[in-house]
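Please read the structure below before turning to the comments.
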Amino acid sequence: MTQGPVILEVSVSYALPRAGLPSAVSFRKWVAAALDGRIREADLAVRIVDTKEGRALNRHYRGKDYATNVLSFPAEIAEGVKMPKGFKMPLLGDLVICAPVVAREAREQKKKLASHYAHLTVHGALHLLGWNHEDDREAEAMEQLEREILAELGINDPYTIED
Numbered sequence: 049m050t051q052g053p054v055i056l057e058v059s060v061s062y063a064l065p066r067a068g069l070p071s072a073v074s075f076r077k078w079v080a081a082a083l084d085g086r087i088r089e090a091d092l093a094v095r096i097v098d099t100k101e102g103r104a105l106n107r108h109y110r111g112k113d114y115a116t117n118v119l120s121f122p123a124e125i126a127e128g129v130k131m132p133k134g135f136k137m138p139l140l141g142d143l144v145i146c147a148p149v150v151a152r153e154a155r156e157q158k159k160k161l162a163s164h165y166a167h168l169t170v171h172g173a174l175h176l177l178g179w180n181h182e183d184d185r186e187a188e189a190m191e192q193l194e195r196e197i198l199a200e201l202g203i204n205d206p207y208t209i210e211d
């Protein structure tokens, strides 16, 4: 499915101590896998946050008063807005991943922590490309694509009970 190398600019930031969290290299690899063959060039940010920040963002942007595992913020640049010198499109958007929620879910679902991070990174990146799971048909298509991408990374089906 590869159309040539994906040119990626992926900024990874940690808003909490990095101990036990995947490296920036891992996040870049997972984003690249999600985008491979689907987009040629992308600029995005991945931010790993604590529960307080995750909850505040989810409440502000989605009206839900709890921290969720991943939030995707597709870039929206109004027509006529002049971007800074050196800025290159396409600016894809931002992913915010809440580390405590991911760790709790991995424990509860008996999944490897890195595998769960990979799944949520792929899931969030697909949202930035416009994939959704608003209805059963969309959800099934998105989940199947996630399974295929993760299998290429050597990661088991994330929708099974255990990893």
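To convert, count from 1 in the sequence shown and add 48; that's the working numbering. Idealized CB from N, CA, C, for every residue including glycine.
Counting C-beta atoms within 10 angstroms of its own C-beta, K159 has 16 or more neighbours from the protein chains shown and is therefore classed as buried.
Out of F121, K100, D98, the CA that lies nearest to the CA of Y109 is found in F121. Rounded to whole angstroms, A81 and R95 show a C-alpha spacing of 18 Å. Counting other Cβ atoms within 10 Å of its Cβ, A189 stays below 16 and is therefore classed as exposed. Taking all protein chains in view, the Cβ of E194 is crowded by 16 or more other Cβ atoms within 10 Å, so the residue is classified as buried. Taken through DSSP and simplified to helix, strand or coil, A151 comes out as helix. Counting along the chain, G141 sits inside the beta strand (DSSP E) bounded by residues 139-146. Per DSSP, the beta-bridge partners of V94 are V60, L143.
If you draw a straight line from the Cα of E200 to the Cα of N180, it comes to about 21 Å. For P65, the number of other beta carbons within 10 angstroms of its own is below 16, and it is reported as exposed. Judged by DSSP in its simplified three-state form, E182 adopts coil rather than helix or strand. DSSP places I197 in the helix class (H, G or I) of the three-state scheme.
Scanning S71, W78, A67, G68 for the CA closest to the CA of G202 turns up W78.
Judged by their CB atoms, T99 and P148 are nearer to each other than the 8 Å cut-off.
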